[in-house]
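Following our numbering, the numbering of the sequence shown begins with 4 at its first residue and continues without gaps.
Here's the structure, in structure tokens; my notes come after.
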Amino acid sequence: GIACYYIPFVFMVGSAIAQSAQPIISYNFGLGYKERVMAAERIALLTAVVCGVVATVAFTVYPYLLVGLFISLDSEAAKIAIHGFPYFASGFVFFIVNIAVVGYFQSVERIKPATIFALLRGFVFLIPSFILLPKFLGVSGIWLAMPLSEALTIIVILLFVLKHRYAYKVSSQLITS
């Protein structure tokens, strides 16, 4: 419950990064300035990683403070939240990076991958994680469902990018030879 109060703030950080980079990337993409597009995306990704690390550290180092803002630290719910916050926060870097990546693909008119990545992180990986992880890990599995979903999405994104970069290099070599 308490984590649900905080996750919108983490989402807003990711969304702010994506929405800040989107017009810069779109404009330069439209003009064909590939180097500027990549530079803007690198800045967005670096910002996402830094913000994710800061959020993770805050939730890991200060769970008592964050939980204590909502409920008495003596309650059973507080003990569960204090124990679970570090697990939950372990996915914040992936969470924010995924939002930035989806924004990037929207900016360069790659709507299909953007939509697929958004669905993977929010439904395809998340729902099975919420069902399966608690069976194997108990309550900790509930806290780890979102981080696992986000990490699996990052893996899919990396595989997609590697595949398409290789395909682009091969097609570029064929055209120039």
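The beta-carbon is built from N, C-alpha and C at its ideal position, and this holds for glycine as well.
- No residue range can be given for residue 73, since it is assigned to no alpha helix (DSSP H) and is classified by DSSP as neither H nor E.
- For residue 107, the enclosing alpha helix (DSSP H) stretches over residues 95–110.
- Under the DSSP assignment, residue 23 falls in the alpha helix (DSSP H) whose first and last residues are 5–34.
- The DSSP-derived three-state label of residue 55 is helix.
- The beta carbons of residue 146 and residue 71 sit about 18 Å from each other, so the pair does not count as a contact at 8 Å.
- Distance between residue 102 and residue 42, taken at the CA atoms: about 18 Å.
- Scanning its chain for C-beta atoms nearer than 7 Å, with the 5 sequence neighbours on each side dropped, one finds around residue 76 the residues 67, 70, in chain order.
- Straight across, the Cα-Cα distance linking residue 44 with residue 78 is about 44 Å.
- Contact between residue 98 and residue 17 is confirmed by a C-beta separation of about 6 Å, below the 8 Å threshold.
- The Cβ atoms of residue 58 and residue 13 lie closer than 8 Å to each other.
- When only Cα atoms are considered, residue 94 and residue 113 end up about 25 Å apart.
- Between the alpha carbons of residue 56 and residue 82 lies a distance of about 24 Å.
- Here residue 53 is exposed, its C-beta having fewer than 16 other C-beta atoms within 10 Å.
- Distance from residue 122 to residue 136 at the Cβ level is roughly 20 Å; contact not present, criterion being Cβ atoms closer than 8 Å.
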